[in-house]
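Numbering (full-length UniProt numbering), first residue to last: 1 to 252.
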């Protein structure tokens, strides 16, 4: 039976994929996987399964989205169960809705297996909470770059808030994004950049809005990276207690 499973592979560490995702991989007749998927996860495939790379990264596409949609339908109709294996979570900047629409348009049943997004895992792996009582009560997750290559308008809205801001796919726009935050008087706001999170190639740089561009360039930081902007970055190294941080914020 033609069937599509959209599976989140998690942030990079192969042990951070879910048990349900592993079980679905073992059942798949075809696995179409992305660039940010840890390839060791492909070892869960059953003998004889078709495994094909269809990776997309900003500025580098092996296949267009339309071609991927076509492959999903073609393989589901010819082979049966297709797993579309995506880095992080399929519904966080994963273009999952387009693939679901293509499958359903061809009469193919669809299920979604959630994964851990790097937007959550990267800060957590560096001991950076996204919320902390008395420090911040909310967080934004946004892309740095829109479909047309422009900076997302949501960055400006996020920069005005007191929330923690997590920005994905934004290294090419880092300087311009930091200028937006600086324009709202936030030059001293802490920033962390985490590259290749949860893997053995992970790198992290911390600084402030006013100096993070220089520090990132000096460290050779690039995509895939997660940018975290907010007071909670100060908790990374736990310099003092959480209560001391709360007290400092109340004094400002």
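Each residue gets a CB set at the ideal place from its N, CA and C atoms; glycine is no exception.
(1) In angstroms, rounded to a whole number, what distance separates the CA positions of residue 184 and residue 159?
(2) If you draw a straight line from the alpha carbon of residue 139 to that of residue 118, how long is it in whole angstroms?
(3) According to the neighbour-count rule (16 or more other Cβ atoms, all chains shown, within 10 Å of its Cβ), is residue 48 buried or exposed?
(4) Would you tell me roughly how many angstroms separate the C-alpha atoms of residue 74 and residue 151, rounded to the nearest one?
(5) Within this structure, are the beta carbons of residue 50 and residue 24 separated by less than 8 Å?
(6) Provide the residue span of the alpha helix (DSSP H) that contains residue 20, from first to last.
(7) If you reduce the DSSP assignment to three classes, tell me which class residue 229 lands in.
(8) Here's the rule: buried if 16 or more other CB atoms are within 10 angstroms of the residue's CB, otherwise exposed. What is residue 28?
(9) CB-CB under 6 Å to residue 109, same chain, minus the five flanking residues each way: which ones, in chain order?
(10) With H, G and I counted as helix, E and B as strand and the rest as coil, what does DSSP make of residue 14?
(11) As a quick exercise: from 166, 171, 148, 115, pick the residue whose alpha carbon is nearest that of residue 11.
(12) Given a cut-off of 8 Å, decide if residue 210 and residue 188 are closer than it, judged by their beta-carbon atoms.
(13) Taking the alpha carbon of residue 84 as the reference point, which residue from 32, 123, 231, 173 has its own alpha carbon closest?
(14) Quick one: what's residue 164 bridged to in DSSP?
(15) Taking the CB atoms as reference points, tell me whether residue 227 and residue 204 lie closer together than 8 Å.
(16) Please classify residue 157: is it buried, with 16 or more other beta-carbons within 10 angstroms of its beta-carbon, or exposed?
(17) Who are the near neighbours of residue 177 in its chain, counting only those whose CB is closer than 7 Å to its CB and skipping five residues on each side?
Reading off the structure:
(1) 7 Å
(2) 14 Å
(3) exposed
(4) 35 Å
(5) no
(6) 19-27
(7) strand
(8) buried
(9) 3
(10) helix
(11) 115
(12) yes
(13) 32
(14) 139
(15) no
(16) exposed
(17) 144, 151, 155, 167, 170
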